[in-house]
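Protein chains in written order, with my numbering: chain L, 16 to 323; chain B, 53 to 650; chain G, 72 to 391. Even glycine gets a Cβ: it sits at the ideal position worked out from N, Cα and C. These numbers come from a predicted model, not from an experiment. Here's the structure, in structure tokens; my notes come after.
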Amino acid sequence: MTPMDTAVQLVPEGPEIPLVAPARRRRREWVSTAKTAWALRRSKIGVILFVVILGIAVFGPFVAPYSPTEFVGKTFEMPNSVARLGTDNLGRDVLTRVLYGGRTVFTLSLTATVVGMALGIVLGMFAAYSRRVVDEVVMRLLDVLMAFPMIVFVLLIVSAVGTKPYLIALAVAVASAPRIARVARGATLEIVGRDFILASEALGVPKWRIMLTELFPNITSPMFVEFGLRLAYSIGTIAALSFLGFGLQPPAADWGLMINENRIGIVIQPYAVAVPVLMIALLTIAVSLMADGLARAIIGIDRKTGVE
Amino acid sequence: MSEVVLTVKGLRVELESTGADIDDEVDFTIRSGEVLGLVGESASGKTTAATALLVHERRGAVVSRGEIVVSGKDVLGLSTAELRKVRGGLISYVPQDPSMSLNPALRIGTQLMEILEVHAFGASKEEREERVRQMMAEVLLPGDKTFLRRYPHQLSGGQQQRVAVAMAFACRPALIVLDEPTTGLDVTTQAHVLKTVRDLTHTYGVAALYVTHDLAVVANLADRIAVMYAGRLVEVGPRDTLFAGASHPYTRRLLASVPDLSGRHALRGIPGRAPLPGRRPVGCSFADRCDFTTDKCVEAFPPYEGPSDEHRVRCWRWQEVGAMSTAADFVPRSASATTRDGEAPVVTTRGVTAFYGPHEVLHGIDIDVRAGRCLALVGESGSGKTTLARCIAGIHPGTIAGGIRLRGHDLKRDSRRRPKPDRQAIQYIFQSPYGSLNPRCSIAQILSPPLRTFFRLSRAETERRMVEALEMVSLDESLLSVYPDQLSGGERQRVAIARALVAKPSVLICDEVTSSLDVSVQASIVELLVQLIDETGVAMLFVTHHLPLVRSLAQDVVVMNEGVIVEVGSVAAVLADPQAEYTRNLLADTPDVDRRGL
Amino acid sequence: MPLTRLILWRIFLGIVTLFLVSVVVFFATNALPGDPATAILGPRATPQKLAELRLQLGLDRPVVARYGTWIGNFATGDFGQSLAGMNQPVSTVIGRRLYNSALLVILAALVSVPLSMGIGTYTALKRDTKLDGGVTIVTLTLSALPEFVVGIAVILLFSTQLFHWLPPISRLDPYQPITQQLSVFVLPVLTLTLAVLPYIVRMMRASTIEVLESEYISMARLKGVPESLVMRRHAVPNAVVPAIQGTAMQLAWLAGGIVVVEYLFAYPGIGSALVDAVANRDYPVIQALCLIMASVYVFLNLAADILTILITPRLRTGLR
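What follows is the structure, encoded as structure tokens:
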């Protein structure tokens with residue numbers, strides 16, 4: 016039954032557009048986003064780098080030639096047949112310690128980022144959807160926390176509660192949360208003003224349900240990108256903390272700590288510093304490349320679906 | 053006859069990346085002192101063709117073929133330096149949205165002086181300042197220092213547009229391109245800007261190209277009209293000839309979908325969708341939507357010919373089409389819609405006063421919305437019409453005083469605090485279907501929340517009700533699994549209507565539901581709404597700023613201005629003999645198509 | 072006068088933020104789990120020693136009262152006594168270092184801000200060319216790297232076998248004029264510049280592109296305004312405004328960046344002082360330094376806010 020049927024018919028009427036079934040199939044959005052992202056060279060490089068370094072961190076200990084605390088030569092020896100990458104400040108094998116030293120960076124930074132994201136998204140969405148006064152107050156308070164540079168804030172917490180690994184992860188999470196909240200709030204604000212939120216409110220759908228089913232699905236794209244960026248920062252901050260001597264304590268093998276221990280010998284044996292630095296550098300670059308590729312893919316897709 | 057200022061021949065604009073045609077085979081001329089109205093729906097390529105005259109293409113587009121001659125100058129062959137002199141000097145431009153097109157960081161005086169300076173107009177600073185004052189006077193704006201020292205944001209929309217018009221006429225150009233300059237302005241302001249443009253073009257003997265999507269606007273302004281469809285000019289001819297009997301089927305259908313104040317006809321939409329750049333057929337682009345299509349139309353691109361040099365048509369069957377009476381294009385209004393009388397009102401408001409923060413935006417409003425009838429709520433922006441609609445729907449965020457009743461019982465202010473039957477009874481349809489549908493939800497996920505909220509239904513029953521609602525809005529049930537971004541604007545608005553219908557409401561509030569749609573789509577949505585009232589007997593509150601639209605579907609009308617009701621009555625009575633001065637002015641300022649020969 | 076009121080309001084908010092910052096600093100070092108006295112003296116300290124220290128720190132009084140005394144002293148310039156070394160006043164410990172750090176940060180800002188704004192604007196103009204693509208990849212990579220990684224890369228490049236040009240550590244000789252020790256600054260300033268540069272470049276590029284795509288730029292071109300004037304009068308002034316806030320954030324970030332960079336180059340500033348203080352649990356110094364570093368952010372943010380208001384007509388005229 017078309018609206019035309021009530022009137023005198025001059026020409027047969029169809030629906031507004033002839034239906035083309037295949038083009039209108041339900042699409043799996045994540046698959047298409049991932050495909051678009053994968054098509055970019057930068058994301059491929061990022062993923063490959065990430066997998067390689069993750070592999071080193073996870074499987075490294077199984078293939079390491081020595082124990083990480085074993086003395087294999089004199090201090091600061093250049094690479095030789097016994098120690099392929101030379102020895103460190105105490106005469107331990109650099110290669111072995113590199114192979115052992117990645118796990119903590121991965122676990123701590125991932126934990127910190129996941130916890131930080133959860134806190135930040137909840138706070139940001141809550142502030143944006145509460146609107147006006149609550150929004151203003153929450154964001155002002157978060158602004159107070161953001162006044163501290165990340166590393167300073169983490170140092171402040173560490174000085175108070177100590178340098179246990181889980182506390183470091185938590186400190187980094189708390190330091191990232193306000194920054195994430197700001198992004199989540201911005202993304203949510205773009206959505207709360209749209210009429211479909213009002214439509215749900217008019218139906219009487221509870222606020223928490225609107226947040227969960229209407230708001231959250233619409234901010235997942237930017238939040239995924241934010242996750243990538245935050246992961247890169249967390250890796251940097253946690254490695255920097257080890258480098259400053261507030262992360263894992265000797266004799267543990269950890270990339271950041273290795274840089275700190277061996278930098279006095281940088282002129283005689285650069286490998287003991289350069290290799291862990293390279294690992295951290297490649298890891299952060301890999302994560303950023305993936306995040307950037309994803310961001311570009313999402314922008315491309317959003318441009319297609321964009322509001323006019 | 054006056055001299056030809058602009059000649060465009062075989063113009064083609066394409067996307068650099070894919071070579072897809074935005075415009076092709078565009079031919080027209082404009083004489084001095086003449087206004088040519090270039091009319092087309094969205095994505096027809098009208099703006100691209102217009103800005104190409106200034107050799108300005110949007111990013112990624114390029115003029116790949118054709119000839120543009122302005123006062124004997126081949127514009128496309130100019131060097132950068134020569135082109136700079138031509139822009140703003142020989143050819144000037146009035147933008148669509150002056151609030152975006154005036155530099156927010158510069159005073160308007162500076163911006164006006166700038167165009168004179170870069171074109172070395174006048175011998176001295178004093179002469180240029182004198183010219184600025186003169187132009188300001190001609191566009192009826194104050195030309196004193198204080199006004200010229202203002203920044204664009206300190207001007208109203210109408211004033212901004214007049215500054216842009218003054219700027220365009222400043223260096224006495226031969227050709228002026230106006231790109232939908234009154235879109236977004238209220239009718240009163242629009243009428244003033246249109247009058248200014250008309251007077252100035254005639255006084256200075258300027259050739260003007262007026263781009264618009266609104267046939268009614270050019271009906272009073274243009275000497276000739278060019279109709280654009282899918283990147284092609286389908287018909288160019290003298291205004292009166294076109295309105296009396298166009299020779300291209302698209303022009304005729306377009307005219308039939310424009311609402312007019314006489315309201316003698318039901319609106320008819322055009323089914324289908326215009327082909328996008330890159331997907332345009334070899335033959336006639338309108339072939340798949342046309343009533344006159346033959347095999348030839350599909351196979352071969354139609355020639356550009358017509359009864360005279362002044363009137364040309366791109367259609368194989370223009371002679372037959374032109375010879376047909378225009379009466380065939382129109383459908384008389386069905387009698388039921390205009391005579392049916394309602395019983396007791398479903399929704400009443402008594403002394404409703406509403407606030408936005410501390411500001412009172414509605415002052416004591418009384419209206420009655422009756423079953424089986426449509427009440428149109430008409431007003432310009434800021435009249436409070438949407439606020440009133442939202443108060444009734446329970447989604448106004450500010451304070452409300454006074455009584456809003458549904459079938460005699462008082463409604464709570466906030467929809468969340470209303471009992472379920474009240475929420476179900478009143479359904480609201482939003483202005484833009486681009487914002488009112490969650491892009492992350494499929495159509496099924498959009499239609500199911502009302503069913504889940506108001507009725508306890510089985511899965512199968514939910515599905516059945518959703519399909520039923522889609523049928524009521526003429527959409528196929530296969531769309532249930534589709535996402536909004538896969539639908540056209542008109543289809544999206546139908547989905548939004550279906551979402552309201554699944555709740556089986558007794559009151560339907562439509563807030564400017566057609567204002568973001570093209571006229572041909574607007575017409576089909578109006579047809580749909582008229583049919584819904586007839587079939588379901590729902591009470592409708594239709595909010596709009598567009599008076600002619602009121603005629604096509606409402607029986608009763610409330611005219612609002614600045615938060616108060618200025619006139620109430622039946623549509624026929626109010627439009628024929630308006631009592632309030634405000635309504636009279638509004639009617640006078642509303643551009644209307646004059647259907648000659650009917 | 073709405074403009075004055077707007078600015079006064081911003082200043083008031085800045086003061087409120089500063090007050091809350093001081094609360095965070097104080098309570099983080101006093102009220103979080105963990106006893107400062109035990110933390111300072113270590114687990115093997117005798118109960119008597121602990122009790123003495125607690126008394127010295129005033130830990131027997133309620134937290135709120137201690138905050139009152141602390142913030143009161145702070146306001147009068149008394150930052151307390153350092154707990155490490157010779158129990159000097161905190162102001163003596165950090166005074167000279169504050170000056171050194173300010174010098175470093177200002178030098179880095181003077182190099183990085185004009186350079187990165189220039190690069191950002193230029194790449195926006197050359198959008199989608201090879202050069203633009205190259206700069207984008209470089210800034211993306213650089214922005215991913217933690218500052219100590221950049222610093223070490225810089226050292227490996229300029230101070231080891233490759234080129235032995237510059238000192239790997241930057242000890243300032245307090246008895247010599249700064250002008251004779253400029254080589255000391257090269258590597259830290261380079262590191263900080265490389266750390267800040269990518270953000271400002273990207274921001275400036277984005278805001279310039281946005282402005283260039285705006286309708287008023289098209290309008291200026293369609294008026295026949297020469298391209299150089301379009302850039303100078305219409306594009307750049309509008310593109311700089313959104314970049315101001317971001318630049319302020321980055322300069323504030325420098326206040327944190329010096330922690331790692333000063334430590335790496337052994338430069339005697341407040342950054343390396345903070346690392347020492349945290350290692351020594353020297354709470355009065357930690358409190359003072361954290362407060363100073365956070366104030367830099369609050370101050371720069373406020374300055375950027377006010378500057379934005381002053382150069383944006385829409386905000387300045389306060390209408391609509």
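- Message: Counting only C-beta atoms, is B:Pro502 closer than 8 Å to chain L at any point?
- Response: Your numbering for residue 502 of chain B matches position 450 in the second sequence. Judged by the 8 Å Cβ criterion, B:Pro502 is in contact with chain L.
- Item | Near-chain G residues of the stretch 220–254 of chain B - C-beta to any C-beta below 8 Å | Hits within the stretch: zero.
- Message: Taking the straight line between their C-alpha atoms, what separation do you get for G:Thr200 and L:Leu304?
- Response: What you label residue 200 of chain G is simply residue 129 of the third sequence in a count that begins at 1. What you label residue 304 of chain L is simply residue 289 of the first sequence in a count that begins at 1. Approximately 20 Å between the Cα atoms of the pair.
- Message: Pop quiz: B:Arg183 and B:Phe173 are said to be a contact at Cβ under 8 Å. What is the actual Cβ separation, rounded to whole angstroms?
- Response: In the second sequence, counting from the first residue as 1, residue 183 of chain B sits at position 131. In the second sequence, counting from the first residue as 1, residue 173 of chain B sits at position 121. About 6 Å separates the two Cβ atoms, so the contact holds.
- Kindly list the residues whose CB is nearer than 7 Å to the CB of L:Gly280, restricted to its own chain and excluding five residues on each side of it in sequence; keep chain order. For this step, residue 280 of chain L is matched to residue 265 along the first sequence. Cβ contact annotation for L:Gly280 (same chain, cutoff 7 Å, sequence separation greater than five): Phe91, Asn104, Ala287, in chain order.
- Message: Check whether the stretch 376–389 of chain G and the stretch 324–333 of chain G are in contact - that is, three or more C-beta pairs closer than 8 Å.
- Response: no
- Query: Which residues mark the beginning and the end of the alpha helix (DSSP H) in which B:Gln545 is found?
  - Reply: Counting from 1 along the second sequence, the entry for residue 545 of chain B is found at position 493. Counting along the chain, the alpha helix (DSSP H) containing B:Gln545 begins and ends at 541–553.
- Query: Leaving out five residues before and five after G:Gln321 in sequence, what residues of the same chain have Cβ atoms less than 6 Å from its Cβ?
  - Reply: Taking the first residue of the third sequence as 1, we reach residue 321 of chain G at position 250. Cβ within range, chain order: Val267, Tyr270, Ile271.
- Under a Cβ-count criterion, where at least 16 other Cβ atoms within 10 Å of its own Cβ denotes burial, should G:Leu410 be classed as buried or exposed? Here chain G has residues from 72 to 391 only, and residue 410 of chain G is not among them.
- Item | Nearest candidate by alpha-carbon position, reference L:Leu183, set L:Ile253, L:Leu55, L:Val148 | The sequence position of residue 183 of chain L within the first sequence is 168, counting from 1. With the sequence shown as reference, residue 183 of chain L is identified as Ile, and Leu is not the correct amino acid for it. Ranking L:Ile253, L:Leu55, L:Val148 by Cα distance to L:Ile183 puts L:Ile253 first.
- Task: Measure from the C-beta of G:Glu281 to each C-beta in chain B and report whether the shortest distance is under 8 Å.
- Result: The residue labelled residue 281 of chain G in the question sits at position 210 within the third sequence. So, not an interface residue.
- In whole angstroms, what separates the C-alpha of L:Lys89 from that of L:Arg107? As a working mapping, residue 89 of chain L is identified with position 74 in the first sequence. As a working mapping, residue 107 of chain L is identified with position 92 in the first sequence. About 8 Å.
- Could you tell me whether any Cβ in chain G is nearer than 8 Å to the Cβ of L:Leu170? As a working mapping, residue 170 of chain L is identified with position 155 in the first sequence. Taking 8 Å as the CB threshold, L:Leu170 lines the interface with chain G.
- Item | Amino acids of chain L, ordered along the chain, whose beta-carbon sits closer than 9 Å to that of G:Pro355 | Residue mapping note: residue 355 of chain G aligns to position 284 of the third sequence, counting from 1. Ordered by position in chain L, no residue passes the 9 Å Cβ test against G:Pro355, which lies about 12 Å from the chain.
- Message: According to DSSP, simplified to helix, strand and coil, what is G:Ser299?
- Response: Locating residue 299 of chain G in the third sequence gives position 228, where the first residue counts as 1. Helix.
- Between which two residues does the beta strand (DSSP E) harbouring G:Gln159 extend? Locating residue 159 of chain G in the third sequence gives position 88, where the first residue counts as 1. Where G:Gln159 is concerned, there is no enclosing beta strand (DSSP E), given that its DSSP letter is neither H nor E.
- Query: In the structure shown, what three-state DSSP assignment does B:Cys668 receive?
  - Reply: Here chain B has residues from 53 to 650 only, and residue 668 of chain B is not among them.
- Query: Residues of chain B with a CB under 7 Å from the CB of L:Leu218: which are they?
  - Reply: Reading the first sequence from its first residue, position 203 is the one you call residue 218 of chain L. The answer, in chain order, is Arg475, Pro501, Pro502, Thr505.
- Query: In three-state terms, what does DSSP make of L:Val220?
  - Reply: Residue numbering aside, residue 220 of chain L sits at position 205 when the first sequence is read from its first letter. Residue state, collapsed to three classes: coil.
- Task: Starting from G:Pro308, find everything on chain B with Cβ-Cβ shorter than 8 Å and list it in chain order.
- Result: By one-based count along the third sequence, residue 308 of chain G stands at place 237. Simply Ala157.
- Contacts that B:Asp149 makes with chain G (C-beta to C-beta distance below 9 Å): One-based indexing of the second sequence puts residue 149 of chain B at position 97. Those within 9 Å of B:Asp149 in chain G are Glu286.
- Query: B:Met592 lies in the beta strand (DSSP E); which residues open and close that run?
  - Reply: Reading the second sequence from its first residue, position 540 is the one you call residue 592 of chain B. It spans 591–596 - the beta strand (DSSP E) in which B:Met592 sits, taken as one unbroken run.
- Starting from the beta carbon of G:Leu226, find every residue of chain L whose beta carbon is closer than 7 Å, and list them in chain order. Taking the third sequence and counting its residues from 1, the one referred to as residue 226 of chain G is at position 155. The residue asked about is misnamed: residue 226 of chain G is Ile in this sequence, not Leu. In chain order: Ile281.
- Item | Coarse secondary structure for B:Val288, derived from DSSP in three states | The residue you call residue 288 of chain B lines up with position 236 of the second sequence. DSSP places B:Val288 in strand when its eight states are reduced to three.
- In whole angstroms, what is the alpha-carbon distance linking G:Leu265 and L:Tyr248? Numbered from 1 along the third sequence, position 194 holds the residue referred to as residue 265 of chain G. Numbered from 1 along the first sequence, position 233 holds the residue referred to as residue 248 of chain L. Looking at the two C-alpha atoms, the distance is approximately 16 Å.
- Query: Can you pull the DSSP bridge partners for B:Phe407?
  - Reply: Here residue 407 of chain B corresponds to residue number 355 of the second sequence, with the count starting at 1. Beta-bridge pairing links B:Phe407 to B:Glu412.
- Task: Give a yes or no on whether the minimum CB-CB distance between B:Thr390 and chain L is below 8 Å.
- Result: Translated into positions along the second sequence, residue 390 of chain B becomes position 338. Note that B:Thr390 has pLDDT 44, beneath the 50 cutoff, so the model's placement of it is unreliable and the number below is only indicative. So no, B:Thr390 is outside the interface.
- Query: Does any C-beta atom of chain B lie closer than 8 Å to the C-beta of L:Ala202?
  - Reply: Counted from its first residue, the first sequence places residue 202 of chain L at position 187. Using a Cβ-Cβ cut-off of 8 Å, L:Ala202 does not count as an interface residue toward chain B, since no Cβ of chain B sits closer than that to its own.
- Return the first residue and the last residue of the alpha helix (DSSP H) that B:Lys437 is part of. As a first step, residue 437 of chain B must be located in the second sequence, where it is residue number 385. Start and end: 437–445.
- Item | Proximal residues of chain B, C-beta to C-beta of L:Phe163 below 7 Å | For the purposes of this step, residue 163 of chain L is taken as residue 148 along the first sequence, with counting starting at 1. Within chain B, no residue comes near L:Phe163; the closest Cβ sits about 34 Å away, beyond 7 Å.
- Task: Taking L:Phe261 as the query, report the chain G residues whose CB atoms sit under 9 Å from its CB, ordered along the chain.
- Result: In the first sequence, residue 261 of chain L corresponds to position 246, counting from 1. In chain order: Val346, Val349, Ala350.
- For the beta strand (DSSP E) that contains G:Gly328, what are its first and last residues? The sequence position of residue 328 of chain G within the third sequence is 257, counting from 1. No beta strand (DSSP E) contains G:Gly328, which is instead part of the alpha helix (DSSP H) from 307–336.
- Task: Please decide whether L:Asp210 counts as near chain B, where near means a Cβ-Cβ distance under 8 Å.
- Result: As a working mapping, residue 210 of chain L is identified with position 195 in the first sequence. So, interface residue.
- Query: So with Cβ pairs under 8 Å, would you call G:Phe83 a contact of chain L?
  - Reply: Along the third sequence, one-based indexing puts residue 83 of chain G at 12. No, G:Phe83 does not count as interfacial toward chain L.
- Message: I'd like to know whether the C-beta atoms of G:Tyr368 and L:Ala162 end up nearer to each other than 8 Å.
- Response: Within the third sequence, numbered from 1, the residue matching residue 368 of chain G stands at position 297. Within the first sequence, numbered from 1, the residue matching residue 162 of chain L stands at position 147. Going by C-beta atoms, G:Tyr368 is nearer than 8 Å to L:Ala162.
- Query: Which residues mark the beginning and the end of the alpha helix (DSSP H) in which B:Leu601 is found?
  - Reply: Stepping through the second sequence from its first residue, residue 601 of chain B is reached at position 549. Element bounds for B:Leu601: 599–605.
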